[in-house]
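Here's the structure, in structure tokens; my notes come after.
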Amino acid sequence: MSDNQNLLAEQRRALILDEVRRHGGVRVNELTRKLNVSDMTVRRDLDVLARLGVVEKVHGGAVPVAEAMAHEPGFEAKSALEPTAKEEIARAAARMAAQGGAIALAGGTTVFALAQRLVDIPDLTVVTNSVRAADAFHCAQWNTSAAGPVARPGAATVVLTGGVRTPSDTLVGPVADAAIRSLHFDVLFIGVHGISMEAGLSTPNLAEAETNRHFVRSARRVVVLADHTKWGTVGLSSFASLDEVDTLVTDAGLPVSARAQIAERLPELVVAGDLSAVSEIRDGRTGAADAH
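Start counting the sequence shown at 36; every next residue gets the next number (our numbering).
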């Protein structure tokens, strides 16, 4: 199967999942008409989503899985969700990292997508508790020559915090917390399990929540990367209120009503991939959001 076909399949599954969550369930025959694909294609997509644990197949269709607040999906399962939105968010967020800056990257699949876009920015100092993000920088650090691998000029200096590894390939716990407490960052880029007006930023992992609190306290600017499906989701433990966030980077799937609520609370809202969106700034200035 070609890369284009794989991308179309990912986009189709994202649309199916969105329909399931929005309507509380879908029927196969409705999806075949809406997506203009065969019955067999829809059933295969539902099989994939069921294996990822995000829908439950029922006779003739599928319904959402009622996740427990403490349930933490693995990295691979989360990677398969909203891939296009994550790439658009990563593209917009990458513009916020400056050459020679000191940044922090927390865990998660959207932050990993961002890390892959930051590897070519010269002289970054990156502190991360994401094993995947650290690997992205490590793989980009070396140029191949006849004499063997040679360190690339201007390659980032990467500090991996250490700690206990979670299902999402994030390092947490006292070792990670101690490392983060002793450092200071220009910008923190952080993903979330859930974000809401009442609960703020939340995660199902208690240890990760504590590590994230230290990240937030150590950063001069906090940038949250969250696709539209995270809005209204609440995990077991909150680690920051919306008042502690400087910028939210999301995608065009976020409803207009939610955008209005967020713009009232945050200094900046960036809707990646939406040419009609604007960033709302508390001091009254406005500027165009990500225009690709």
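Beta carbons are placed, not taken as given, at the ideal position from N, Cα and C, and that holds for glycine.
| Asked | Found |
| --- | --- |
| Between the CA atoms of residue 227 and residue 103 - distance to the nearest angstrom | Confidence at residue 103 is low in this model, with a pLDDT of 44, below 50, so its placement is unreliable and no value can be given for it. |
| Element boundaries [alpha helix (DSSP H), containing residue 80] | 74-86 |
| At least three beta-carbon pairs within less than 8 Å, the region 257-273 to the region 145-153 | yes |
| Contacts around residue 152, its chain only, beta-carbon distance under 6 Å, and the 5 residues preceding and following it disregarded | 125 and 129 |
| Bridge partners - residue 292, DSSP secondary structure assignment | Residue 292 is not bridged to any residue. |
| Cβ pair residue 233, residue 207 closer than 8 Å | no |
| Nearest residue (CA-CA) to residue 292, options 275, 280, 138 and 266 | 266 |
| Contact under 8 Å by Cβ, residue 163 with residue 195 | yes |
| Nearest residue (CA-CA) to residue 133, options 157, 295, 123 and 210 | 157 |
| N-terminal and C-terminal residue of the beta strand (DSSP E) that residue 255 is part of | 254-260 |
| Residue 62 in three-state terms, based on DSSP | strand |
| Beta-ladder partner(s) of residue 138, from DSSP | 161 and 222 |
| Cβ-Cβ distance between residue 95 and residue 63 below 8 Å | yes |
| Outcome for residue 246 when other beta-carbon atoms lying within 10 angstroms are tallied against a minimum of 16 | buried |
| For residue 166, the first and last residue of its enclosing alpha helix (DSSP H) | 166-175 |
| Bridge-paired residues (DSSP) for residue 286 | 307 |
| Span of the alpha helix (DSSP H), counted from its first residue to its last, around residue 122 | 118-129 |
| Residue environment, residue 43, which counts as buried when at least 16 other CB atoms sit within 10 Å | exposed |
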